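All residue numbers for the sequence shown refer to our numbering, where the first residue is 33 and numbers rise by one. For reference, the structure is listed below as C-alpha cells.
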Amino acid sequence: MRSHNRISMTVLFVLLAVAAAWFAPAMVSAQDVANGQATANVLTVLAVTADSDLNFGDVLQGVSKAADKTVVGEAGVFNITGSAGNEVSMYMQLPDYISLADGSDRMVVSFGATDADIDFTDAATPAAHTASAVVDQDPHNLPATAINNAAAPDNNIKIFLGGMVYPTVDQTAGAYSGDIILTVAYTGS
C-alpha cells in the first residue's frame, strides 16, 4: 500500500503541476503594469550682492555721524535676484561696532527701526525710490517678500541701509570697518 500511496501522491503532484501550467497564462493575463515619473523643476539660484558699502565718510572724535539710506555714496546697497513669483526671507546680521583693521580700537555703530528701505526695481538708486518701495523698515526685522510680484517686475529686490556711528572723544584715528551680512532664502511660499 505504501507504493500505491506514493504513486497516488506523484500523480496528484503531476496533475496539480499540469493544472497550474494550464491556468497560469489566464492569471498572468489579468495583470497590467503602468509607468509613472517623478518630476521637479529647480528654481533659479538666489544671487545676493553688496553693491555699495555703508559709508560714514570722515568722522570727528566725539561727534556722532549718520550715513543716510537715501544718499548715493553713503547708503549700503544690497541686491537680490531670484526666481519670479517666489517669496524670500531676508535677515541682516548687523555689527554692534566697527573696528580698526588690527582690532586695537572700535567704534559703536547702531541701526534704528527705520534705517532700511526695500525697493523692487533694478533701476532704483538710494536717492530715487520707485513708488513700490517699502520705506522705513527695521533692518533687524526685514519682511519676507515675493520676487517679481507686481511691485518687483525685474526679479530684483534692493535694500538700502543707513546707520549711525558714535566715536568717543579719544577715538583712535584710522580706517574702521565691520561686516554686514545679508542672508536670503526662499521660504517655499
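Virtual Cβ for every residue (Gly too), placed ideally from N, Cα, C. Small disclaimer: the values here were computed from a predicted structure and weren't measured.
Checklist entry - So, is Leu75 buried or exposed, given that buried needs 16 or more other C-beta atoms within 10 angstroms? => result Indexing the sequence shown from 1 puts residue 75 at position 43. Leu75 comes out exposed.
Item to check | Euclidean distance between Cα positions of Glu106 and Ile150 | outcome: Within the sequence shown, numbered from 1, the residue matching residue 106 stands at position 74. Within the sequence shown, numbered from 1, the residue matching residue 150 stands at position 118. Their Cα atoms are separated by approximately 16 Å.
Checklist entry - Do the stretch 137-148 and the stretch 168-182 touch if we need at least three Cβ pairs shorter than 8 Å? => result yes
Next on the checklist: Which same chain residues end up closer than 6 Å to Ala121 when comparing Cβ atoms and leaving out the 5 residues on each side of it in sequence?
Outcome noted: For the purposes of this step, residue 121 is identified with residue 89 of the sequence shown, where counting begins at 1. According to the sequence shown, residue 121 is Ser rather than Ala. So the qualifying residues of the chain are Ala176, Ala217, Thr219.
Next on the checklist: Check this for me: beta carbons of Asn111 and Thr153, under 8 Å apart or not?
Outcome noted: Within the sequence shown, residue 111 is the residue found at index 79, counting from 1. Within the sequence shown, residue 153 is the residue found at index 121, counting from 1. Not closer than 8 Å, so no.
Checklist entry - How about Asn188 and Thr71: are their beta carbons less than 8 Å apart? => result As a position in the sequence shown, residue 188 is number 156, starting the count at 1. As a position in the sequence shown, residue 71 is number 39, starting the count at 1. Contact: no.
Item to check | Buried or exposed (CB count within 10 angstroms, at least 16 for buried), Val94 | outcome: As a working note, residue 94 is residue 62 in the sequence shown. According to the sequence shown, residue 94 is Gly rather than Val. Burial call: exposed.
Checklist entry - Between which two residues does the beta strand (DSSP E) harbouring Ile119 extend? => result The count along the sequence shown starts at 1 and reaches residue 119 at position 87. Note on residue identity: the sequence assigns Glu, not Ile, to residue 119. Segment 119-125, the beta strand (DSSP E) holding Glu119.
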